[in-house]
Structures are given as structure tokens and as C-alpha cells.
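To start, the structure under review is shown below, and the notes come after it.
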Ligand code: PRX
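Residue numbers (the working numbering): 38 to 690.
Have a look at this one:
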């Protein structure tokens, strides 16, 4: 279905789901408290956020809740000192949470490892000491190129504990993508594994790190720490490469927690924008922990008995906020899974929910669509009664998929909470609570303290039901503090398109009841299986090949991944002398992109063309290609209104 048809279908969606009364009665935040909080947050958001901050431990409290003097470089909890790891681990060790399950990890072959909060705390301390003894400390950047295994969590927490800034790079990125992030971040240390299991095979990550570090001596880190997971032989290059196990064995299980200013950076995550290479989005200790703690405990109604499973990979922001930090801040028990959701068969997830008694399952629409294709008999084989809440994130979910998940996995009784947020926002922004009325396909209303709206290109609110740009009108604590080393890019990407408002880059609609319906990206960013990839990245990878002269990439609908990449390529003269057929050239170009960017960035379709549609100034008109591809009216280009919010933004026009 074309994007607009899909949206029309969404807008006609009239089903409404009410929360079961048992959940409303037992909810952490009941309807009255919620209404009162909304009022406090509307009247004085800083009072609301200050109260949220007081739920956490600080080494020193703030002088100012929000400093706006250098807007849009907003600074939260100025003057405060804290460390997110103190809140996620240290403080729990003095409470009953100490001996509670913190992390239950299951490897793809079925091996299980469990850590109580105390055990996780000790492991993190050992590794924190090991990093310190290697000379890593406050402000140093640590790249973590790891799969979903406990040591990834340990590495993130250990880095944060000593004040280092972690940057997790998703294992699906290529050596080249890894290298550019290592260099951009000026990483002092890289942490990786020998290999891991995925779909019954061992994937070797260490060789990718080796390739990423070839010939970059001056700019590259001195040390690579290798965790043993798959037990395979890997080349250890001395003195650079060290074994994780050898390092932690000799360290003490107690370590000092670095005192950080609330605005000291906690992590960097590279994320794609509409132009250029991915930028390092920076989040800081103080505001981020307040935002993540409040949003998780309210939206997912965290209870001491919860077994919380967020299926995201730690390489993405969801893995940071709601696999690692959020659940630990709230003292929940985390489930983490290494492998492929269809391995060894399509009931792996349901089997794990049953065996581990999962209460809360937070997944992506892509994953749900993939599992839905195998039918309801797979969830039906399992006793899923422990589930009490379901959640989704990352892409629009169609009402059909929503209803399937709600009915066949949630027994028609578990509220399905569709959460809208971004790497930049750090935390849920628009999301229902378990006590909320739900409309399948809608992300509900903005959370207290979040002023979101749908506006036209000039910043004026659009009437209900009409499409426009999603903006946030007031700063919020989980917000990014900037883009690494690029103040102008930060301002341009988020604050100048519609002056005075945070521009999320999404097109959305708000209905008569104030519910938000997200349509998709307004810019040239693709959302493939919930993963953000810029058309610019695909295109520059393509034109780096000597047989691709010009390239334009657009998103096309995909039944499972939501969106897929299609490339239009003008081949270089003489390609027929080298390739036997068009197909051979296409396969070569697809492989080339996969090698350049990694398996996460696969191109589904390629069309060889003679020319690309361009503006008078020579910029590619992807919109024309998209309209042709989807069989839509291209429209009279001369009358295109630059600020018409019903169409995707075309930065190149
Ligand atoms: O387009 C929106 C989509 O994902 C984008 C953010 O991507 P990323 O920074 O990778 O973070 C994803 C996980 C937080 C948004 O601009 N998106 C996110 N959540 C939703 C969504 N689209 C529709 N519904 C959602 N719930």
C-alpha cells in the first residue's frame, strides 16, 4: 500500500480499546494522578521535571532545573552532580533489590546466564577497574562493537561508571562504518567479541574490527578488548588486543563511581540524518536518567515483579534507554536474547516469554509483522498468561498488525503501548499509559511535560486530521545535548527549519481527540525495519563504485520491513564491456553497498536509468522518483509549495 493510502486507512481506524479495570486499579499512575500531573506539567513543566528528578539519587542537587541562556543548547539540572550508574546499580546494592534478578540472558543455542543486581554490580566494577588500569577515564570515548550479550551491558555501565563516553556501534554495520565512527569519536578503546550466534551460524565480529583498524595507527585506539563468546579462534594482535576475561579476573569487584556533572556526556550514538554521514548524537548523565526513569516507570508501569523484555539490540537507542538504563534505573529484571527471532523456529519468542515469565514485551512492528506471517498457531502453542503489557516502537504499526499482536499475544487483555520517540529525544515523548484509551495505529497523546504538536511549515498548528510536521515546543530532560563537534549541524537539523521548535523530521496528524498518528519521515531518511538510514549514505556508497556514475535512493513499501531501499542508478559508460548483463551489474552494486555499509543497509531493488530527475540547480528530485514508483501523480512541479505539509519535505528543492 502506498504511504498515503496507508495513512487514510489509519485515519479511518475507529476501533478503541479500553484498559482492563484490574490494570487501572493497580497502576502506578492512576487516572487522577495522571490528570493532576498533566496540569502541573502544563502550568509549570520545570516543577514537574524537578519532581521527577527527585526520585533519583544525586551527589549534589542542581542550582537551576533548566538553563535556556544558550538555547537551543539547553542544559538540564545545571550545577548538579550525579552518575547514572550510581542510580542504575550502586544504590540498589543497599536495598532489597540487591539480590534480585537484574539480567537474564539467553544465547541463541539456548545457553542461559543470570545476574542478580549484586552480581552485575561486581562484574561492572571489575571491568571499570580494568578500563581504569588501561588509562581510560573521564571523557574518553569507548566504542562497543558487540552483539546482544551480557558483556555489552557490562561494558556500557563500566564505561559510564568511570566517566567515559560509550558509543555502541550496531554489529550489522560494516568495517568501514565502524572505522568512521571510531575515528570521528576519537575512541581510546574498542570492545568487541570473538563471535556470536545468529540464525544457527557463528558470526565473527573480531575480524571486522581488525579490518576497521587497518592502517589507521595515528587515529586509532591503542587497545581492543575481546570478549570470548563463541569460543572461536581469532587473531590477537599484540600488544593491541587483550582478552576481557584476563583483564577482569585480576580486578577487585569494588570500584569508585566517577562524580559527573549532570551535563557531562554519557554516550554518543551515531544516527542518520537527511544529509551527509551519520552524526554523533550526544546524551548526558543527568537529564537523560531523569527522562528515561520517569518515562519507563510511567508508561510501562514498572512493578518490582516485572520481567521486562525489550527485544532491541543494544546498538540502537531503544537498547540504551529501555534495554539497559531504564529497566536498571527502575530496578526491573531484564530479559536479553542474543539470536534470531525465528531460530530454531517461529515460536522462539513465545517460548522465551513462557519459560521466563515475561510480563512486558517491547518490540518493533517489523518483528511483529515477521512473526505474524507464521500465523497465530505459534503463540497459541505457549502459555503467555504472564504478559501484562505490550509495546512497540520505531515505525508506524498498522491497525491490523496492532490487533493481531494484541489479540494473539496479549490475549486481548494486555494494553499495547505504541511509543513515539527518537535517538535524539532519548526517551518516550508521545505514548499512552496502561490506563489510557488506545486506538490501534496511534501513538496516543504526548506525555506530561512534553509539548508536541503538528504544524505547517511556518510553525502554525494545523487543524485536526490534517498532516503536518511533528514538532516539540519545549525542551525536555532526555533531549540530546548536541551533535558531536558540530554546533551548526545541530541547529540546522533540529532548530532552524521551524524557528523556536524542535523539528523531529516526521510527518504526523493529530485527530479530534488529540491522538497523534505518525505517518513517517518528512526528510530523506529511510526507516528500514525500524533502523534509520539516510538516502545520502546509500547514494555516496553507490557512487563510490566505478560503474555507478549517479545514484538516487528512495524508500518503497515493504510488507515485513515497513520500508526498503530502491536505487536508481546511472551506470558508467562501458559497463557492458565488463558485465555480461544488467542483472550482473545490479548484483555487483548491491553487494558493494552491503560491503560498504554493512548487512543492515541492504538495497532491495535497483533500476538502471539513463538520467535522474533534477532541479534546475542540479539536486536530485527523489520525490518524482517516489511518485513514479508508487504510481502517484507527480504533480505540477512548478507549483510545488515549499511548505505544503501534506507532502514530504524536500530539502533539495
Ligand atoms: O520516524 C520516526 C520513527 O523512528 C524515527 C526515530 O528513529 P530512531 O532515532 O532510530 O529511533 C527509533 C527508536 C526510538 C522517528 O523519527 N518512529 C519511532 N517511533 C515510532 C516511529 N514511527 C511511528 N511510530 C512510532 N511509535
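By construction, the Cβ of each residue, glycine as well, lies at the ideal position given by its N, Cα and C atoms. As the structure is a prediction and not an experimental result, all values here were calculated from the model.
- Proximity of the beta carbon of residue 208 to ligand 1 is not indicated: no heavy atom of the ligand is located closer than 7 Å.
- A contact between stretches requires three or more CB pairs, one per stretch, nearer than 8 Å, and the stretch 164-177 fails this requirement with the stretch 125-133.
- Using a Cβ-Cβ distance cut-off of 8 Å, the stretch 424-435 and the stretch 540-550 are not in contact, since fewer than three pairs of beta carbons, one from each stretch, lie closer than that value.
- Look at residue 590: its beta carbon is at least 7 Å from all of the heavy atoms in ligand 1.
- The C-alpha of residue 667 lies about 12 Å from the C-alpha of residue 603.
- Listed in chain order, the non-local C-beta contacts of residue 374 below 6 Å within the same chain comprise 143, local neighbours out to five positions each way being set aside.
- Within the same chain, Cβ atoms closer than 8 Å to the Cβ of residue 71 are found at 470, 472 and 485, the five residues on either side in sequence being excluded.
- Residue nearest to residue 559 within the set 507, 430 and 271 is 507 (criterion: CA-CA distance).
- Contact annotation: the stretch 348-363 does not touch the stretch 96-112, with fewer than three C-beta pairs closer than 8 Å.
- When 126, 222, 325 and 324 are compared, the shortest CA-CA separation from residue 522 is found for 222.
- For residue 517, the closest C-alpha among the options 539, 501 and 265 is that of 539.
- With the rule of 3 Cβ pairs closer than 8 Å, the stretch 301-310 counts as touching the stretch 193-204.
- No heavy atom of ligand 1 is found nearer than 7 Å to the CB of residue 285.
- A distance below 8 Å separates the beta carbons of residue 245 and residue 212.
- A distance criterion of 7 Å places the beta-carbon of residue 546 beyond contact range of ligand 1, judged by its closest non-hydrogen atom.
- Set against 7 Å, the gap from the CB of residue 557 to the closest heavy atom of ligand 1 is smaller.
- Contact between residue 78 and residue 124 is ruled out by a C-beta separation of about 22 Å, above the 8 Å threshold.
- By the neighbour-count definition (other C-beta atoms within 10 Å, threshold 16), residue 572 is a buried residue.
- Beta-bridge pairing by DSSP links residue 397 to 345 and 426.
- Rounded to the nearest angstrom, the gap between the Cα atoms of residue 646 and residue 557 is 27 Å.
- Beyond the five residues adjoining it in sequence on each side, residue 480 comes within less than 7 Å, by CB distance, of 455, 456, 457, 467, 468, 553 and 555 in the same chain, given in chain order.
- A distance below 7 Å between beta-carbons, with the five flanking residues on each side excluded, links residue 290 to the following residues of its chain, in chain order: 159, 162 and 163.
- Between the stretch 443-452 and the stretch 414-427, the count of Cβ pairs shorter than 8 Å is three or higher; the stretches touch.
- The beta carbon of residue 292 sits closer than 6 Å to those of 162, 165 and 166, all from its chain and outside the five residues before and after it, given in chain order.
- Taking C-beta atoms as the reference points, residue 332 and residue 465 count as a pair closer than 8 Å.
- Here residue 200 really is in contact with residue 297; their C-beta atoms are around 6 Å apart, less than 8 Å.
- For residue 460, the shortest C-beta to heavy atom distance toward ligand 1 is below 7 Å.
- Around residue 623, the same chain offers 643 as residues with beta carbons nearer than 6 Å, after the five sequence neighbours per side are excluded.
- The three-state secondary structure of residue 639, taken from DSSP, is coil.
- In this structure the stretch 659-666 does not touch the stretch 623-641; the number of beta carbon pairs closer than 8 Å is below three.
- A distance of 8 Å or more separates the beta carbons of residue 219 and residue 184.
- Residue nearest to residue 346 within the set 339, 399, 328 and 311 is 399 (criterion: CA-CA distance).
- Spanning the alpha carbons of residue 318 and residue 83 requires a straight line of approximately 24 Å.
- In the three-state DSSP reduction, residue 304 falls in the strand class (E or B).
- Measuring C-alpha to C-alpha distances from residue 138 to each of 253, 98, 249 and 395 identifies 395 as the nearest.
- In the DSSP assignment, residue 665 falls within the alpha helix (DSSP H) that extends over 659-666.
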